[in-house]
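Accompanying notes for the structure given below.
Number of protein chains: 2
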Amino acid sequence: MPEPDKHQQIIEAAVRIFARNGYYNSRVSDIAKEAGIASGTIYLYFKTKDEILVTLFREKMAEFVATVRKAIAAEPDAVAKLRRLIALHFKLLEDHSEMAEVVQVELRQGQKFFRGASANEVSGYFDLISSVLEEGMAAGMFRSDLPVKTVRKVLFGAMDQMATSWVLGKRGYKLSETAEAVADIFLKGLAAKP
Amino acid sequence: MPEPDKHQQIIEAAVRIFARNGYYNSRVSDIAKEAGIASGTIYLYFKTKDEILVTLFREKMAEFVATVRKAIAAEPDAVAKLRRLIALHFKLLEDHSEMAEVVQVELRQGQKFFRGASANEVSGYFDLISSVLEEGMAAGMFRSDLPVKTVRKVLFGAMDQMATSWVLGKRGYKLSETAEAVADIFLKGLAAKP
DNA sequence: CAGGAGTGACTGAATCGCCATTCATTTGTA
DNA sequence: TACAAATGAATGGCGATTCAGTCACTCCTG
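Chains as they are written, first to last, in the numbering used here: chain A, 1 to 194; chain B, 195 to 388.
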């Protein structure tokens with residue numbers, strides 16, 4: 001019975017290797033070396049190289065969403081929740097910069113990940129955002145003349161681009177320090193008519 | 195001397211093939227077949243398979259930016275320019291759905307394209323957006339308490355996510371019909387304090 | 001308690017399919 | 001005839017995946 005521990009060990013090694021070299025430039029044997037095991041061992045835990053990437057994303061994404069969900073639950077209203085969500089989105093990426101590299105750059109590999117596996121995982125996050133938006137609309141804090149789906153995409157897109165830019169640049173500034181500006185634009189744009 | 199015509203013929207075939215199968219699942223021979231030529235002929239016009247993708251993006255992107263630049267020049271003020279830019283961003287992708295597929299999904303291949311070649315091309319578009327924002331700020335139409343770079347990323351991110359979503363869904367609605375909502379949120383968020 | 005044999009995890013060298021790229025040859029035309 | 005352009009079968013390299021063997025450990029059994 002494979003040690004449940006080694007699964008995690010491989011995932012962590014893969015994050016580091018993918019972040020450093022990119023998915024396609026990473027050998028399975030590189031991951032093995034980084035994890036301190038033989039390359040064949042990887043195949044006791046994962047069926048293919050692709051599966052490593054997909055699994056890695058699934059697990060990390062689930063963790064991410066859970067963290068954000070828990071944090072915003074503590075906030076009093078939709079505006080505060082949204083601010084917290086944005087701040088945390090940036091903070092978590094900032095604190096896991098290798099994972100950020102993988103998520104923002106490597107995981108965008110066409111077909112395979114955008115469609116396919118990762119779509120499901122991302123939608124959990126989308127749902128979370130939508131629920132906050134709906135709460136704010138119901139409470140009359142947000143305008144409700146626009147489709148929630150559209151508003152959600154605008155917000156996610158803005159955050160995602162901030163993150164991608166930060167990763168592509170050499171992370172030469174604090175991503176989390178931009179959170180307020182993003183929240184500010186978005187919340188003003190979303191404000192209910194007075 | 196290779197016919198200058200065939201270069202274009204290959205590019206157009208590549209767009210269709212990449213859109214249909216994704217970059218990594220496309221054989222060079224598939225592109226050749228689609229273009230109605232032999233696979234070896236491709237190498238009279240392009241050094242590598244990568245070069246096809248990079249060239250394709252460069253040419254199409256330059257065309258895209260030129261079109262948008264020309265269109266917004268005709269608008270009277272920054273607000274109108276921004277609305278036009280957003281509308282056209284969506285309209286052009288909608289009218290070239292195969293290219294949209296390639297740009298939104300396939301061209302995000304980590305490392306190679308994000309960094310590297312395409313970065314330069316994209317920055318031309320970024321500059322265009324920035325110039326409109328600066329014009330609006332100078333004219334007192336947009337608030338100027340936020341960094342232009344941040345605002346630009348928010349807008350681009352929002353548009354890009356709208357486009358990606360539309361492509362990933364089965365393009366089951368008119369992307370351009372969402373332009374107003376996006377412009378509306380963004381312009382309200384950016385409005386100068388009254 | 002020695003030993004031995006069964007079990008499951010691990011290893012890493014060898015395999016093997018894939019496909020970009022090459023280039024000897026053919027085709028077209030001036 | 002000569003030169004350019006095009007062809008497409010053959011090549012070559014790469015690296016994911018496999019699998020025959022090794023290792024470590026447990027549990028019998030005489």
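C-beta atoms are modelled at their ideal positions from N, C-alpha and C, and glycine is treated no differently.
Is the beta carbon of residue i sitting closer than 9 Å to the one on residue j?
i: L146 of chain A; j: A375 of chain B; result: yes
i: K91 of chain A; j: A179 of chain A; result: yes
i: F258 of chain B; j: Q161 of chain A; result: no
i: L82 of chain A; j: A191 of chain A; result: no
i: F46 of chain A; j: L107 of chain A; result: no
i: A232 of chain B; j: A207 of chain B; result: no
i: I129 of chain A; j: L175 of chain A; result: no
i: G22 of chain A; j: Y217 of chain B; result: no
i: L297 of chain B; j: L287 of chain B; result: According to the sequence displayed, residue 297 of chain B carries Val and not Leu. In contact: V297 of chain B and L287 of chain B (Cβ atoms closer than 9 Å).
Which class does residue i belong to by DSSP, given the choice of helix, strand or coil?
i: A333 of chain B; result: coil
i: I231 of chain B; result: coil
i: Q203 of chain B; result: helix
i: Q109 of chain A; result: coil
i: K254 of chain B; result: helix
i: S220 of chain B; result: coil
i: R214 of chain B; result: helix
i: K49 of chain A; result: helix
i: F126 of chain A; result: helix
Report the rounded CA-to-CA distance for residue i versus residue j, giving the unit in angstroms.
i: A267 of chain B; j: T150 of chain A; result: 28 Å
i: M195 of chain B; j: K227 of chain B; result: With a pLDDT of only 49 at M195 of chain B, under 50, the local geometry of the prediction cannot be trusted, and no value is derived from it.
i: V122 of chain A; j: M61 of chain A; result: 7 Å
i: N219 of chain B; j: I225 of chain B; result: 11 Å
i: V154 of chain A; j: G169 of chain A; result: 22 Å
i: D50 of chain A; j: V105 of chain A; result: 16 Å
i: P199 of chain A; j: S97 of chain A; result: The displayed coordinates of chain A run from 1 to 194. Any statement about residue 199 of chain A would go beyond what the structure contains.
i: T55 of chain A; j: R115 of chain A; result: 15 Å
i: A158 of chain A; j: G234 of chain B; result: 43 Å
i: F307 of chain B; j: A313 of chain B; result: 7 Å
i: S29 of chain A; j: V222 of chain B; result: 28 Å
i: T48 of chain A; j: T358 of chain B; result: 27 Å
Give me the chain A residues within the contact set of residue i, using Cβ-Cβ distance strictly less than 9 Å, ordered along the chain.
i: E245 of chain B; result: Going along chain A, no residue has its Cβ under 9 Å from E245 of chain B, so there is no contact; the nearest lies around 17 Å.
i: R277 of chain B; result: Those within 9 Å of R277 of chain B in chain A number zero; the least Cβ separation is about 14 Å.
i: L327 of chain B; result: Residues of chain A passing the Cβ test: none, with the nearest at roughly 12 Å.
i: M356 of chain B; result: T150, K153, V154 and G157
For a contact defined as C-beta to C-beta under 8 Å, what are the partners of residue i on chain B?
i: S165 of chain A; result: K347
i: V182 of chain A; result: T344 and V348
i: L168 of chain A; result: F308, R309 and A313
List, in chain order, every chain A residue whose beta-carbon is nearer than 7 Å to that of residue i.
i: G383 of chain B; result: I185, F186, K188 and G189
i: A232 of chain B; result: In chain order: nothing, as chain A lies at least about 27 Å away.
Using the beta-carbon of each residue, which ones in chain B are nearer than 9 Å to residue i?
i: D127 of chain A; result: Those do not exist, as D127 of chain A stays about 14 Å from chain B at its closest Cβ, beyond 9 Å.
i: D30 of chain A; result: Within chain B, no residue comes near D30 of chain A; the closest Cβ sits about 15 Å away, beyond 9 Å.
i: P147 of chain A; result: T372 and A375
(request) Jot down the residue ranges of each uninterrupted alpha helix (DSSP H) in the stretch 66-98 of chain A, minimum 4 residues, whole runs only, in chain order. (result) 78-95
(message) Threshold first: 4 residues or longer. Then list the alpha helix (DSSP H) segments lying entirely within the stretch 145-192 of chain A, N to C.
(response) 148-168 and 179-190
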